[in-house]
Amino acid sequence: MLNTLFKYWSYRLFSPDTLHRQTYEAFKHLLKQDGRAHDLMAELEILYYEGKRRDMAGIRSLFTQFSGAVQAMIGSLAVLKPTDATTLAQYHKKLDFYIRFLLAPPLQPAGKPFVLALSEITKSDVSGNKAYNLAKLKTELNAP
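Just so we're aligned, residue 1 is where the sequence shown starts under this note's numbering, counting upward by one.
Quick look at the structure:
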């Protein structure tokens, strides 16, 4: 942060044209990332409000893109107003951590047994959906 402030005030005193150019480019980048973030947020809202189905890896990927766009916006804001952007970056880092924690895949048990008889499978989280459905079919059809 100190480096950013030093650079900001040096440009402001000795080369104001460079500062205006950087400010203009940062503002253009901010607007571009703002549009991108709004589009990604709209996709997330469609998933939530319209009940569209998507796997968790896709949702994590969508959130990663959204978080990247927000982080890029904060970077542009740091060029425009370096003193105010640091607090915003800290809040973003915190929220990003918490949401990634919520979207993290659940831990799978890695213990034994690695092979189960079809008669022992009673829940899908023990063996997975394919084996569970196969065991269910075997039980319902009384297959050997």
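All residues carry an ideal CB built from backbone N, CA and C; glycine is no exception.
{"query": "Whole angstroms are fine: how far does the CA of arginine 36 sit from the CA of glutamate 45?", "result": "14 Å"}
{"query": "Measure the beta-carbon distance from leucine 118 to leucine 134 and round it to whole angstroms, keeping in mind my assumption that it falls under 8 Å.", "result": "7 Å"}
{"query": "If I'm right that phenylalanine 63 touches leucine 13 with Cβ under 8 Å, what's the distance once you round it to whole angstroms?", "result": "At roughly 41 Å, the Cβ-Cβ gap does not stay under 8 Å, so phenylalanine 63 and leucine 13 are not in contact."}
{"query": "What do you get for serine 15, buried or exposed, if any count of 16 or more other CB atoms within 10 angstroms of its CB means buried?", "result": "exposed"}
{"query": "Please return the same chain residues whose Cβ sits closer than 6 Å to the Cβ of tyrosine 132, not counting the five positions on each side in sequence.", "result": "Ile121 and Ser124"}
{"query": "For the putative contact between isoleucine 99 and alanine 89, defined by C-beta atoms under 8 Å, what is the C-beta separation to the nearest angstrom?", "result": "Actually they are not in contact, since the Cβ atoms of isoleucine 99 and alanine 89 sit about 16 Å apart, beyond 8 Å."}
{"query": "Tell whether a beta-carbon distance below 7 Å holds between histidine 29 and serine 76.", "result": "yes"}
{"query": "Report buried or exposed for phenylalanine 6, applying the criterion of at least 16 other Cβ atoms within 10 angstroms of its Cβ.", "result": "exposed"}
{"query": "CB glutamine 33 to CB alanine 72, shorter than 7 Å?", "result": "yes"}
{"query": "Is the beta carbon of phenylalanine 66 less than 7 Å from the beta carbon of leucine 40?", "result": "yes"}
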